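These notes concern the structure reproduced below.
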Ligand SMILES: [Zn+2]
Ligand SMILES: [Zn+2]
Ligand SMILES: [Zn+2]
Ligand SMILES: [Zn+2]
């Protein structure tokens, strides 16, 4: 039997959207259970006696939350129309189904993710962004949803191995199909998704630390270098964070920029690498489980100094 857990006896605050929104729990005097009202849909979310954050992060912005918010807004529009105070927006909303409504908003978010990914990649490759548009420059360790620093995103592995993403980013694309998003496609080239860092220690929630695919190199160098030596990259992570030439090209990175970045970082050429990725059955001798990295000049070149060594 697991040991009894101590209840949390004072209200807990959960910040969202870079602290612009703060949701504070209320405690039931009898049961001691925390609950919090979702600011998007006005539903009360039960968080238990420990005020666990997970139910809230999983809920806010996800499909049931959007659905509830949609129903609420539609109802309010209907009431205004009946009262004779309806606007053209109200007329539009009462004639929209949730399905077409959410497809429209999801498309916007999906595009946003892709759009931001192009900016991040230009910044990573230190190449001129032909279409800079944000007032703020892309951060060193940017959020893949919005391109700025400071968002908290967590990749969660469910019991059956399915993956879900929780985030406090205002542009969190909650309906993201992880497997599809992690793959390059012509329609949505950007494959920047949250991945787990196998080198970080596991967090309190029992889930490994989450990093963005595009930021993985930066993370490895800054968090896992030992002295001047970058850590070996576990093979599986290398597979997850590899960006194909096709993807870079689709996001506007010139081929010679990709090539020289790869040379600088000892990243193998796409085609050869894909053979390498196919697994032990193909050629045991050329596959190693980790990829060693050498990092000699800590400061200036730290960002670009991960290496790749075959056995
Ligand atoms: Zn909600
Ligand atoms: Zn932009
Ligand atoms: Zn963000
Ligand atoms: Zn790490």
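In UniProt numbering, the protein residues as written are 1 to 311. Note that CB positions come from ideal geometry on N, CA and C, so glycine has one too. Remember, it's a predicted structure, so these values are computed and weren't measured experimentally.
Assigned secondary structure, residue i (DSSP; H/G/I helix, E/B strand, else coil)
i: residue 33; result: coil
i: residue 53; result: coil
i: residue 117; result: helix
i: residue 40; result: coil
Residue range of the alpha helix (DSSP H) that includes residue i
i: residue 148; result: Premise fails: residue 148 is in no alpha helix (DSSP H) and is neither H nor E.
i: residue 94; result: 88-94
i: residue 64; result: 63-82
i: residue 179; result: 178-181
Cβ pair residue i, residue j closer than 8 Å
i: residue 45; j: residue 35; result: yes
i: residue 241; j: residue 259; result: no
i: residue 252; j: residue 130; result: yes
i: residue 219; j: residue 211; result: yes
i: residue 196; j: residue 209; result: yes
i: residue 188; j: residue 178; result: no
i: residue 191; j: residue 213; result: yes
i: residue 115; j: residue 145; result: no
i: residue 153; j: residue 167; result: yes
Backbone CA spacing between residue i and residue j [nearest angstrom]
i: residue 151; j: residue 143; result: 6 Å
i: residue 10; j: residue 27; result: 8 Å
i: residue 74; j: residue 90; result: 8 Å
i: residue 307; j: residue 67; result: Only weak support exists for where residue 307 lies, its pLDDT of 37 falling under 50; the value from the coordinates is given anyway. Spanning the two alpha carbons is a distance of roughly 47 Å.
i: residue 51; j: residue 62; result: 20 Å
i: residue 140; j: residue 118; result: 14 Å
i: residue 32; j: residue 8; result: 8 Å
i: residue 169; j: residue 15; result: 10 Å
i: residue 160; j: residue 65; result: 23 Å
Residue i, enclosing beta strand (DSSP E) - first and last residue
i: residue 166; result: 163-167
i: residue 48; result: 44-48
i: residue 22; result: 21-24
i: residue 127; result: Here residue 127 belongs to no beta strand (DSSP E), and DSSP marks it neither H nor E.
Interface flag, residue i vs chain C, CB-CB below 8 Å
i: residue 131; result: Given the protein chain composition of this structure (a single chain), no chain C is represented.
Return the chain-ordered ranges of every beta strand (DSSP E) run that is complete within the stretch 185-273 and spans a minimum of 3 residues.
-> For the stretch 185-273, whole beta strand (DSSP E) runs of length 3 or above, ordered along the chain, are 194-196 and 210-212.
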